[in-house]
């Protein structure tokens, strides 16, 4: 049986815990109210996407975006804003790509929508034509072998799995063909690679994205074909094995360019060199305007600063918003950030990323030790009133990933994923496909999480 | 201490419970896979919205929709499809409405986007012009009194509350002014009512919706004004109290028309006169195409039948999909359904409605006794893998509401609500604003819930 004193202490602890939960709940409500009432993320995204537009690393637009982010962080009330220099790849698309399928004896002819994959070499100036062969996997390619592949164009046609509820799971399974399709096909003598767009939508938008070469293997040009185009091609290959594919691309890789991460800080009240970092990436693919990938993440991070300033919240830890450069085709900004953090002996309490679209937030995934994951999940009741229930998934973000080796807990905002791959890396990743409230809720969710981390550590 | 026998029984019960949960989980997975792989709800919605279009009760389009739903339920594999006749109001909009704000001495002039509220009388043929007075509530109107209101047009300008996370909560608070604005203003001698559109979006789309009169009070015409229009008017009234409002509408109410609910049934294996009903409403407002309100609900209910048939699931109870008529401006279909259910001595185990848009499903609300709500919530772990977490909210659907007095548990699908009021009752409630996967997940969620009810009762 407990002594009176023990019971008294227990009671005091309990009261204190209830009072804390109430005051955390009240603060989180304030944060959401501020975002939904005075939010600036939507107008910021309007500027970034419509006045600057797509902003691939090394482009003039990427530089404009750096200058814009610097000013936007100042306007949001950051105590300090500065740049972190890094060298980035500079790939340019050149003229609009064209492609067509032609049959033996001109029985078939159809133009199909394609775009170069990021990093691809160009085709010869007159384009390239060869018999096209469909495979669904690298295993199929291997079975075909050099005798069947040499001189051909390989069409990688693995649809994303629609039965995955979380669309990122479906993406992970399909994207390997985009990344390594050209490399693997070239090993067997192929002269080009055409990869089915990574999306669950059936439409005419080709989805670009980064691909890779290997210096020991011949480089061949690689493009993405829209899902409608891929379906048409696959259907017609069933009755005519001798179809040819023609495509023409003038993309090229120029020398690396100087670019920057943009960092905005709110000074904490207690911990001089301890940081909670929240980031998104400023660069985007060039075919669209980088609204969901990842303009939305950047403006949400800037909004975190604005909310803290507007509400006069004094966090214990320094809060740092980072607009990372070059997530799409190199990850140089994320690497540079981690390198400097180590060099400057900074302690990161947690790193949070928003790079999964502007949609209604549904949870936070994490890449952290079990105890940290458990602590995160213990805060779930405070987030449920905002529709945020899922704290179970694993995963951080790619810009913050390089911090992992220093033991920093990584967290990623998990918005509803159903629409993400409709827009991802396409001409329709535009401002009009972002909903103001959904965007604002995401920023508020991260601000609220940072409040909890600032109060209780991680 | 328990006897060996007691322990054995406990163990058997436990094993059986685990086995059931596993087989339920497997069945729910099958249901979702079927919806996401072979789903027909999206192509059905394409037909309903793009080939038939907006379908207000009593219109030729509503009749076409009845015929279409009959065929669609047959195609989905219903064992029986039949119509339930009901008389419905027949209001027609007439020519496109026009409105402008004019200042004293023609200092101000601006055309503003309006539309007649459903059920409104017309203005005189030449339109109506009067000084416009802004209020935010019926209390303000009362304070103004007859001396300030007589002969004026009352502008009800209560914005929806953006800090409500669930947008339906914000709607509930604002919609009273739309429903009763004209009635209340007329009591004080007003000659017209202009109501701020019920939406959180700031744009040029006026939102129609039903309004009501009372035979003992003079009927005055009532319109909705877009939020941009309302903001402009309110801003300008601050500096010029003497602005006039002009509007012209030629809407009218014709005699009631004959129409129908469409009912499709799958016969249960065990319970002859016991039903689980799942419904949406077939009618829609006329300014758009009724995609989210509520074409999506109708095609999801038809999809439930298709999924059960395609998977060869034999439910214990009869499953009945209902495309209700006249939810928007009378609710006659819902009333008729409940009336016939009683007359025919049918037992309803549960009634489920989908009338909150085509968006990603996040939960089920219910209007049922605590024990039923608790049972519903106990199934939540089976739904969490599909992002469906919220079983706590109260509320059924308006078409199934008349079943409540017979004690039927009412349940409503709760999709993500952030975008719903962007489209609700506007020209942009169209097919293009529906995402295929989100729509399919909603139908699957209801099919999965029906599986659980069919297995364990309600």
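Chains as they are written, first to last, in this note's numbering: chain L, 8 to 465; chain S, 8 to 465. Glycine residues also receive a C-beta, built at the ideal position from the N, C-alpha and C atoms.
The three-state secondary structure of residue 34(L), taken from DSSP, is helix. Taking 9 Å as the threshold, the shortest C-beta distance from residue 299(S) to chain L does not fall below it. Residue environment: residue 12(S) is assigned as exposed (fewer than 16 neighbouring CB atoms within 10 Å of its CB, all protein chains considered).
Ranked by Cα distance from residue 235(L), the first of 431(L), 203(L), 222(L) is 203(L). Ranked by Cα distance from residue 47(L), the options 276(L), 162(L), 444(L) are led by 444(L). The beta-carbon distance between residue 397(S) and residue 369(S), rounded to whole angstroms, is 5 Å. This is short enough to meet the 8 Å contact definition.
Not one beta carbon of chain L lies nearer than 9 Å to the beta carbon of residue 309(S). Taking the Cα positions, residue 290(L) is about 21 Å away from residue 417(L).
In the three-state DSSP reduction, residue 408(S) falls in the helix class (H, G or I). For residue 263(S), the enclosing beta strand (DSSP E) has its first and last residue at 259-273.
In the displayed model, residue 289(L) falls within coil according to three-state DSSP, outside both helix and strand.
Your pair residue 286(S) and residue 331(S) checks out as a contact, with CB atoms roughly 5 Å apart and the cut at 8 Å. The alpha-carbon of residue 35(L) is positioned some 11 Å away from that of residue 391(L).
Taking every protein chain shown into account, the CB of residue 378(L) has fewer than 16 other CB atoms within 10 angstroms, so this residue is exposed. At a cut-off of 9 Å between beta-carbon atoms, residue 369(S) makes contact with chain L. Listed along chain L are 170, 172, each with a C-beta nearer than 8 Å to that of residue 39(S). A direct Cα-Cα distance of roughly 39 Å separates residue 239(S) from residue 208(L). In the structure shown, residue 299(S) falls within a helical segment according to DSSP collapsed to helix, strand and coil.
Taking 4 residues as the shortest admissible run, the segment 48-89 of chain L contains the following complete alpha helix (DSSP H) segments, listed from N- to C-terminal end: 48-53, 67-83. As a beta-bridge residue in DSSP terms, residue 91(S) pairs with 268(S).
Rounded to whole angstroms, residue 308(S) and residue 461(L) show a C-alpha spacing of 47 Å. The Cβ of residue 394(S) sits closer than 9 Å to at least one Cβ of chain L.
Taking a Cβ-Cβ threshold of 7 Å, the residues of chain S close to residue 207(L) are 444, in chain order.
Contact of residue 426(S) with chain L by beta-carbon distance below 7 Å involves 442. Selection 218(L), 192(L), 165(L), 386(L) evaluated against residue 395(L) yields 386(L) as nearest (Cα-Cα). At a C-beta separation below 9 Å, residue 456(S) has no neighbours in chain L, since its nearest C-beta there lies roughly 16 Å away. Against chain S, the CB of residue 391(L) has a partner CB under 9 Å away; the residue lies at that interface. In this structure, the CA atom of residue 138(L) is about 48 Å from the CA atom of residue 49(L). In its chain, beyond the 5 residues on either side, 212, 295 have a beta carbon closer than 7 Å to the beta carbon of residue 435(S). Taking the Cα positions, residue 194(L) is about 10 Å away from residue 221(L). Where residue 193(S) is concerned, the enclosing alpha helix (DSSP H) starts and stops at 174-194.
Between the beta-carbon of residue 344(L) and that of residue 91(L) there is about 6 Å, and that keeps the pair under the 8 Å contact cut. In this chain, the alpha helix (DSSP H) harbouring residue 350(L) covers 339-350. Shown here for residue 257(S): same chain residues with a beta carbon closer than 6 Å to its own, the five before and five after excluded, namely 101, 102, 129 in chain order.
In the pairwise beta carbon analysis, the segment 309-325 of chain S is classified as touching the segment 272-285 of chain S: at least three pairs are separated by under 8 Å. Apart from sequence neighbours up to five positions away, the residues of its chain that approach residue 56(L) with a beta-carbon distance below 6 Å are 296, 298, 302, 438, ordered along the chain.
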